[in-house]
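Peer 1: The following block contains the structure, expressed as structure tokens.
In mature numbering (1 follows the signal peptide of the UniProt record, and there is no 0), the protein residues as written are -23 to -1, 1 to 588.
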């Protein structure tokens, strides 16, 4: 299959997701009180700034040819609180693999079964709404309950209902494709969605776009924000926007990244955001799924915080979902009238005929004339195999894998064969080779496959909406905790950086909340009553005095109580941060916890610092 430019752009952007998508050299976020924004905007424009985003408490502007230091020098104004880089954010789909045929019947993606989503009924009356920040949604796809879908456009990206490539449509289908006997079914079928299109024609956006989008999600009444995107570098404007959404009772979910390394991608790396990794259909971690450490700092300043690393995983390898109309390719394979799983390789068309076994098809074989060539993988290229089949008079080709699983392949960019060619799984080899007649077809489709943490993220978002719809009295943080407490442990025993707590299980999370209530039990690896608030700490010394910076999210009261080593330090304003001063001389370990005012049950995890 020759990949079109949109597909190629998504592949490239997915490969470059985290660590390489840095801020543009000339675009910056300027934090300013809303009542002083007019003055700052006027100053920015006067100095050559092009205003890109007018957000709540900030603006984003482009200053061509100026670095951060230069812009800070130009914008020397007392109304400005902070100027920071506007980090790029890109969609995270590692690769596209167009296969399958969902045009004739409704198919259930494997991740639905794997996550037990088919065992829980979505309550459409619960008022759940998922805000999808991505590349837009194709309005022509019939697999959505369009009366439940609204959207916003971001500056310069076009209409939210016009797709900017297949990424956003694929993501939305995983979350909420309808149970309507067409195409696929989502994790929370028919759930209300609010679509915000943030990616431009080149396939990327900025952190300021995401911060602004978070406000739009709130205004739209969303419970969940789903972001299959990310990039390197953090900034406080973006972090604050998602912390505010979480503190208001919502849940934010984002992709870990697709570079297969330990780099921390943002916004998933913020403590207020649930980071999601990807596993395959065999409960194995995807080789592209990023695995940042849960620890920060060095030496005695090392702290551990599981909210800045992968918390759970879901199916994200070869995920079938919705595509913009006709942008995917589908294939079907039947042997003696019995359907088999298959993948499209090249050359649209239909072929029906007698099966003929060509071995590895390393030469022309006149016996294949007028027949469907059944070919084993190995020894020569797929292109050469199909060429030899066609030169033998074959009218179609089925290439069978020589290792477990489906054969996903193409015939290369120089393909000049014309007969339809499909791949087949090794597990089906005996049945296929013993058959008499073969029918194959390749055509365009509104449904296709993608792989990436981008695909796992909407799965978790949809599962959260599904579970939450049956427990609407809970907060987003409580749903987050329930998903972690009931995830199926995989990889190393217990929590690990690849799977986090494990693969999400909707039915188990639903049962857990039914049995334990929103506050849950002791399933998340913390003490009872903790994890309602997420806390991270960082220690340092200055001029001989030790300080500990506390950062938290999830507290609902105007003040919070801060505890050190089990003793109350004091009550402070709920600003999501506080610095504690250690007056005791010498070293030691200090364990902190933050609780809502006058509460001993609505508390954070324990977070420790050693000096």
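Just so it is clear, CB atoms sit at the ideal spot from N, CA and C, and this is done for glycine as well. Every value quoted in this text rests on a predicted model; they were computed, and no experiment measured them.
Can you list, in chain order, the residues of its chain whose CB lies under 7 Å from that of residue 48, leaving out five sequence neighbours each side?
Peer 2: 5, 40, 60
Peer 1: How would you write the range of the beta strand (DSSP E) that residue 409 sits in, first residue to last?
Peer 2: Careful: residue 409 lies outside any beta strand (DSSP E), inside the alpha helix (DSSP H) at 406 to 410.
Peer 1: With H, G and I counted as helix, E and B as strand and the rest as coil, what does DSSP make of residue 59?
Peer 2: strand
Peer 1: For residue 202, name the three-state secondary structure that DSSP assigns.
Peer 2: strand
Peer 1: Given this structure, state the Cα-to-Cα distance separating residue 261 from residue 271, to the nearest angstrom.
Peer 2: 21 Å
Peer 1: Within the same chain, show all residues whose beta-carbon is closer than 6 Å to that of residue 501, passing over the 5 residues directly before and after it, in chain order.
Peer 2: Any reading at residue 501 must be qualified, since the residue scores a pLDDT of 39, below 50, and its modelled position is unreliable; no value is offered.
Peer 1: Runs of 4 residues minimum, wholly inside the segment 120 to 156: which ones carry the alpha helix (DSSP H) assignment?
Peer 2: 144 to 153
Peer 1: With respect to the beta strand (DSSP E) encompassing residue 299, which residues constitute its N-terminal and C-terminal limits?
Peer 2: 296 to 299
Peer 1: Label residue 123 either buried or exposed according to how many other C-beta atoms from any shown protein chain fall within 10 Å of its C-beta, with 16 as the threshold for buried.
Peer 2: exposed
Peer 1: Anyone know if the C-beta pair for residue 585 and residue 280 falls short of 8 Å?
Peer 2: yes
Peer 1: Nearest to residue 404 by alpha carbon, out of 230, 317, 155?
Peer 2: 317
Peer 1: Residue 512 to residue 248, Cα distance in whole Å?
Peer 2: 8 Å
Peer 1: Beta-carbon within less than 7 Å of residue 323's beta-carbon, same chain only, minus the 5 sequence neighbours each way: which residues are those?
Peer 2: -23, 387, 388, 392, 394, 398
Peer 1: For the alpha helix (DSSP H) that contains residue 491, what are its first and last residues?
Peer 2: 483 to 493
Peer 1: Whose C-beta lies closer than 8 Å to the C-beta of residue 542 among residues of the same chain, with five residues either side of it excluded?
Peer 2: 567, 568
Peer 1: At the level of alpha carbons, what is the spacing between residue 555 and residue 456?
Peer 2: 26 Å
Peer 1: Need the endpoints of the alpha helix (DSSP H) that residue 460 sits in, please.
Peer 2: 453 to 462
Peer 1: Applying the 10 Å Cβ sphere with the 16-neighbour rule, what's the burial state of residue 275?
Peer 2: exposed
Peer 1: Please report the distance separating the alpha-carbon of residue 219 from that of residue 360.
Peer 2: 49 Å
Peer 1: Can you tell me the Cα-Cα spacing of residue 212 and residue 90, whole angstroms?
Peer 2: 38 Å
Peer 1: For residue 117, count neighbouring C-beta atoms within 10 Å of its own C-beta (all shown protein chains included) and say buried if the count is 16 or more, exposed if not.
Peer 2: The residue is exposed, with fewer than 16 neighbouring Cβ atoms inside 10 Å.
Peer 1: Could you have a look at residue 440 and say whether DSSP puts it in helix, strand or coil?
Peer 2: Residue state for residue 440 is assigned as helix, using DSSP reduced to three classes.
Peer 1: From residue 191 to residue 233, what distance separates their C-alpha atoms?
Peer 2: 19 Å
Peer 1: Can you give the beta carbon distance from residue 201 to residue 441, rounded, assuming they're within the 8 Å contact cut?
Peer 2: 6 Å
Peer 1: Residue 418 to residue 349, Cα distance in whole Å?
Peer 2: 12 Å
Peer 1: Using DSSP bridges, identify the partner residues of residue 39.
Peer 2: 4, 27
Peer 1: Excluding the 5 residues flanking residue 143 on each side, which residues of the same chain have their C-beta closer than 6 Å to its C-beta?
Peer 2: Closer than 6 Å at the Cβ level, and outside the excluded window around residue 143, lie 300, 301, 304.
Peer 1: Output the boundary residues of the beta strand (DSSP E) element that contains residue 286.
Peer 2: Segment: none, residue 286 is in no beta strand (DSSP E) and carries neither H nor E.
Peer 1: Quick check on residue 267: buried or exposed, where buried means 16 or more other Cβ atoms within 10 Å of its Cβ?
Peer 2: buried
Peer 1: Ordered along the chain, which non-local residues of its own chain (more than five positions away) have a Cβ less than 7 Å from that of residue 364?
Peer 2: 394
Peer 1: Could you tell me which of 161, 553, 237, 415 sits nearest to residue 314, measuring between CA atoms?
Peer 2: Taking residue 314 as reference, the option from 161, 553, 237, 415 with the minimal CA-CA separation is 415.
Peer 1: So, at 7 Å on beta carbons, what are the nonlocal neighbours of residue -1 in its own chain, with the 5 sequence-adjacent residues on each side left out?
Peer 2: Here residue -1 scores only 42 on pLDDT, less than 50, and its place in the model should not be relied on; the value that follows carries that caveat. Within the same chain, residue -1 has close Cβ partners 62, 63, 64, 65, 210.
Peer 1: Please report how far the alpha carbon of residue 283 lies from the alpha carbon of residue 321, in whole angstroms.
Peer 2: 41 Å
Peer 1: Could you name the residues of the same chain whose beta carbon sits closer than 6 Å to that of residue 84, not counting the 5 residues immediately before and after it, in chain order?
Peer 2: 161
Peer 1: Tell me whether residue 129 is buried or exposed, calling it buried when 16 or more other Cβ atoms sit within 10 Å of its Cβ.
Peer 2: buried
Peer 1: Does DSSP put residue 276 in a helix, in a strand, or in coil?
Peer 2: helix
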